[in-house]
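J.:
Numbering (the UniProt record's numbering), first residue to last: 1 to 737.
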């Protein structure tokens with residue numbers, strides 16, 4: 001055999017071996033990427049689940065109803081989106097007079113997320129839902145826990161179709177509710193009739209008084225719930241400091257005066273209590289959902305039967321409204337209530353007040369016991385010393401009441417309630433530290449594995465015993481967690497897009513019906529008309545995504561996007577040779593580490609450059625005005641998520657040009673090292689600013705590297721697919737024929 005033939009044979013074997021090696025490396029890379037995403041998802045889910053879980057416990061015993069209640073009925077007015085600052089600076093005449101001479105008033109402090117569902121749940125049920133409950137939906141998901149409406153003998157409710165069905169759907173027939181059509185909640189159509197939403201609610205109640213009140217004239221323990229959406233809708237459209245917002249507030253004031261006069265005239269027994277409040281506030285720019293003062297401070301006014309009439313200000317937590325409602329009408333406090341009865345809102349410090357506070361203490365004690373059983377795994381036959389102390393308080397309070405020492409009993413009840421709240425917090429947080437330890441072991445093991453992979457240390461050089469130890473710790477931690485938390489034509493598909501975009505932006509055409517959606521759907525087609533040349537394709541992606549981003553923006557976001565794209569196109573590494581040698585792609589170099597740091601910086605800039613996930617809860621209808629104006633949470637949320645992802649899509653596309661596989665792993669390594677200490681700062685208690693900041697820092701640190709990795713692979717079709725390929729294939733077919 002000649003030397004030339006031998007050379008060709010060896011060359012053939014080498015090529016096949018190299019091809020097999022490359023294919024094997026690619027398959028291994030895909031497996032590792034999949035495993036990476038799973039690990040990050042498990043950690044993120046675990047940390048959030050440790051700190052944020054539903055406070056609802058089913059089957060809790062209810063405290064008995066009180067006898068001789070001061071009020072037979074109660075009217076609850078909830079002005080959706082009415083912030084305290086605007087209210088107090090523009091006090092309407094009737095409510096001003098009531099707060100000063102006929103009742104008690106103050107600030108009701110809400111919690112984040114400052115949205116309608118959790119706000120109304122806190123008012124009616126006395127608990128703060130897990131923040132993730134806002135994603136459960138609205139009218140499709142009824143309230144699955146106890147509330148003052150459930151405990152009342154009958155409740156009649158009128159208001160928004162997004163709120164009233166929460167309490168009426170699935171109830172046992174004691175709650176009767178009606179809502180106006182959802183089409184009325186049109187931020188744009190509101191211009192035609194600014195007061196229609198609230199006037200409908202008031203008119204329905206007056207109609208009920210005229211035609212059906214005779215059946216409830218001698219009933220006690222009943223509630224009328226009037227949900228008023230006008231301030232929220234007008235605040236979104238015209239902002240809470242606008243003249244229209246204040247006009248709506250004054251309109252509410254006039255109609256409440258009419259309602260109270262008509263109610264007192266119909267029932268004529270001085271046995272009606274009234275509460276006026278709001279579910280959340282609003283920022284100066286017309287949004288809510290976060291924890292600013294304007295969003296968490298709402299007005300509270302109580303007057304009527306059984307209510308103190310000193311006109312003095314007493315601030316409360318929003319959940320404290322629930323035991324106040326239950327006490328005024330003499331009904332059991334909802335079983336999952338966390339609110340505290342404020343005796344300052346009651347007219348007399350008598351036996352009834354002492355018994356009401358005792359019921360509040362008992363109801364909180366039941367929760368302490370059940371949380372101890374749930375989180376500590378200790379059965380009913382065991383009694384914790386904290387429970388013994390609460391039982392002693394209950395016994396002594398009963399003794400004071402029976403002996404006529406009412407003030408002593410009231411004072412001791414307030415002390416016992418404070419202790420019960422502390423004990424409840426202790427048992428709810430009992431398992432947190434232990435699971436944080438599991439998460440720490442898991443995360444350290446993952447970081448070590450990632451480090452060994454990116455530095456290119458062969459597995460054979462590591463002691464097998466050390467590897468076995470890491471594997472055991474990692475697998476055990478994972479199992480514990482799982483068990484516990486079960487062309488030219490393109491230049492034309494381009495002129496049309498620009499023209500339509502300009503017409504919509506200048507309001508020369510109404511794009512809400514179909515034009516804006518066409519621009520959004522055709523963006524990939526527009527991008528695929530560019531050649532697969534890397535620089536040309538990046539330019540096409542920038543131009544193609546600019547139009548839908550601009551239609552979803554109200555401020556500087558398009559300018560940021562263009563600036564980012566221009567910087568990426570002129571990045572010095574862009575014009576260098578970016579083809580990596582297969583033999584060096586498995587070892588981290590200083591050049592790769594620099595690229596990883598830059599990619600992390602770009603991803604952070606993208607995340608904050610057009611807003612972040614908080615933008616979804618701090619909703620502004622102007623963002624989606626070119627696509628939809630009727631309130632639809634799912635569609636609006638999807639559009640905003642797409643807007644936030646557009647700059648990240650651009651970074652993912654650029655990573656195909658500037659980044660090697662090992663550089664992407666280095667990005668993961670940097671993010672994971674950063675997220676390890678941040679997980680200890682995630683805590684469901686403290687100031688809401690601190691809670692939100694801690695969650696944001698941890699979530700950003702752990703998810704952004706994964707986001708970059710996901711967009712790196714998802715952006716492959718945008719970089720490689722070319723629509724002109726079909727024309728080329730068709731022309732070849734015609735040539736063959």
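The C-beta atom is built at its ideal place from N, Cα and C for all residues, glycine as well.
For chain B, check one thing: does any of its Cβ atoms lie closer than 8 Å to the Cβ of residue 346?
T.: Note that chain B does not occur in the displayed structure, where there is just one protein chain.
J.: Is DSSP giving residue 212 helix, strand or coil here?
T.: Looking at residue 212 - three-state DSSP - the assignment turns out to be coil, as it is neither helix nor strand.
J.: Could you give the distance in angstroms between the alpha-carbon of residue 310 and the alpha-carbon of residue 260?
T.: Approximately 20 Å, taken between the alpha carbons.
J.: Select from 319, 277 and 569 the residue whose C-alpha is nearest the C-alpha of residue 88.
T.: Cα-wise, what sits closest to residue 88 is 277.
J.: Could you give the distance in angstroms between the alpha-carbon of residue 415 and the alpha-carbon of residue 207?
T.: Residue 415 and residue 207: Cα-Cα distance of roughly 46 Å.
J.: Can you tell me the Cα-Cα spacing of residue 542 and residue 558, whole angstroms?
T.: Going from the Cα of residue 542 to the Cα of residue 558 covers about 11 Å.
J.: For the stretch 285-300 against the stretch 92-110, are there 3 or more C-beta pairs whose distance is under 8 Å?
T.: Contact between the stretch 285-300 and the stretch 92-110 is present, because at least three Cβ pairs lie under 8 Å.
J.: Taking DSSP as the reference, what is the three-state secondary structure of residue 108?
T.: Note: residue 108 maps to strand in three-state DSSP.
J.: Buried or exposed: residue 363, going by 16 or more other Cβ atoms within 10 Å of its Cβ?
T.: Buried.
J.: How would you call residue 144, buried or exposed, if buried means at least 16 neighbouring beta carbons within 10 angstroms?
T.: Its Cβ having fewer than 16 others within 10 Å, residue 144 is exposed.
J.: Enumerate in chain order the residues of its own chain whose CB-to-CB distance from residue 356 is below 7 Å, with the five nearest sequence positions on each side excluded.
T.: 66, 327 and 341, listed in sequence order.
J.: Considering only the alpha carbon of each residue, which of 316, 344 and 430 lies closest to residue 372?
T.: Among 316, 344 and 430, the Cα nearest to that of residue 372 is on 430.
J.: Please classify residue 604 as buried or exposed, where buried requires at least 16 neighbouring CB atoms within 10 angstroms.
T.: Exposed: under 16 other Cβ atoms inside 10 Å.
J.: Given this structure, state the Cα-to-Cα distance separating residue 720 from residue 646, to the nearest angstrom.
T.: Taking the straight line from one Cα to the other gives about 18 Å.
J.: Could you spell out where the alpha helix (DSSP H) holding residue 720 opens and where it closes?
T.: Per DSSP, residue 720 belongs to the alpha helix (DSSP H) from 716-720.
J.: Let me know if residue 624 comes out buried or exposed under the rule of 16 or more other beta-carbons within 10 Å of its beta-carbon.
T.: Counting Cβ neighbours within 10 Å, residue 624 comes out buried, since at least 16 surround it.
J.: Less than 8 Å between the beta carbons of residue 126 and residue 280, yes or no?
T.: Contact flag unset, no.
J.: What are the start and end residues of the alpha helix (DSSP H) that includes residue 368?
T.: Where residue 368 is concerned, the enclosing alpha helix (DSSP H) stretches over 351-376.
J.: Whole-angstrom Cβ separation of residue 333 and residue 275, contact assumed at under 8 Å?
T.: No, residue 333 and residue 275 are not in contact; Cβ-Cβ is about 16 Å, not under 8 Å.
J.: Hey, quick one: how far does the beta strand (DSSP E) through residue 154 stretch, first residue to last?
T.: Counting along the chain, the beta strand (DSSP E) containing residue 154 begins and ends at 154-159.
J.: Can you list, in chain order, the residues of its chain whose CB lies under 8 Å from that of residue 404, leaving out five sequence neighbours each side?
T.: Contacts found: none.
J.: Count the other CB atoms within 10 Å of the CB of residue 86; is the residue buried (16 or more) or exposed (fewer)?
T.: Its Cβ being crowded by 16 or more others within 10 Å, residue 86 is buried.
J.: Three-state secondary structure (DSSP) at residue 223?
T.: Correct three-state label for residue 223: strand.
J.: Going by the beta-carbon positions, is the gap between residue 325 and residue 358 smaller than 8 Å?
T.: The answer is no: Cβ separation not under 8 Å.
J.: Out of curiosity, what's the CA-to-CA distance linking residue 702 and residue 417?
T.: Between residue 702 and residue 417, the C-alpha separation is close to 39 Å.
J.: Which residues in the same chain have their Cβ closer than 7 Å to the Cβ of residue 784, if we skip the five residues on either side of it in sequence?
T.: In the structure as shown, the chain starts at 1 and stops at 737, and residue 784 therefore has no counterpart that could be examined.
J.: Which of the three DSSP states is assigned to residue 652 in this structure?
T.: Residue state, collapsed to three classes: helix.
J.: Looking only at its chain, what residues have a beta carbon closer than 7 Å to the beta carbon of residue 593, apart from the 5 residues adjacent to it on each side?
T.: Around residue 593: 666.
J.: Tell me whether residue 739 is buried or exposed, calling it buried when 16 or more other Cβ atoms sit within 10 Å of its Cβ.
T.: Here the chain has residues from 1 to 737 only, and residue 739 is not among them.
J.: Look up residue 270 in the DSSP assignment and say whether it is helix, strand or coil.
T.: Note: residue 270 maps to coil in three-state DSSP.
J.: To the nearest angstrom, report how far apart residue 581 and residue 664 are at their CA atoms.
T.: Low local confidence applies: a pLDDT of 40 at residue 581 is under 50, so the model's placement there is unreliable, and no value is given.
J.: Let me make sure I understand the geometry here. Which of 348, 606 and 336 has the alpha-carbon closest to that of residue 54?
T.: Answer by Cα proximity: 336.
J.: Are the CB atoms of residue 251 and residue 244 within a distance shorter than 8 Å?
T.: Not closer than 8 Å, so no.
J.: Tell me which residue opens and which closes the alpha helix (DSSP H) that residue 82 is part of.
T.: No alpha helix (DSSP H) contains residue 82, which DSSP labels as neither H nor E.
J.: Since residue 235 is in the beta strand (DSSP E), which residue starts that stretch and which ends it?
T.: Taken as a continuous stretch (DSSP letters only), residue 235 belongs to no beta strand (DSSP E), being part of the alpha helix (DSSP H) at 230-238.
J.: Counting only the same chain and skipping the five closest in sequence on each side, list residues whose C-beta sits under 7 Å from that of residue 353.
T.: The answer, listed in chain order, is 343, 346 and 410.
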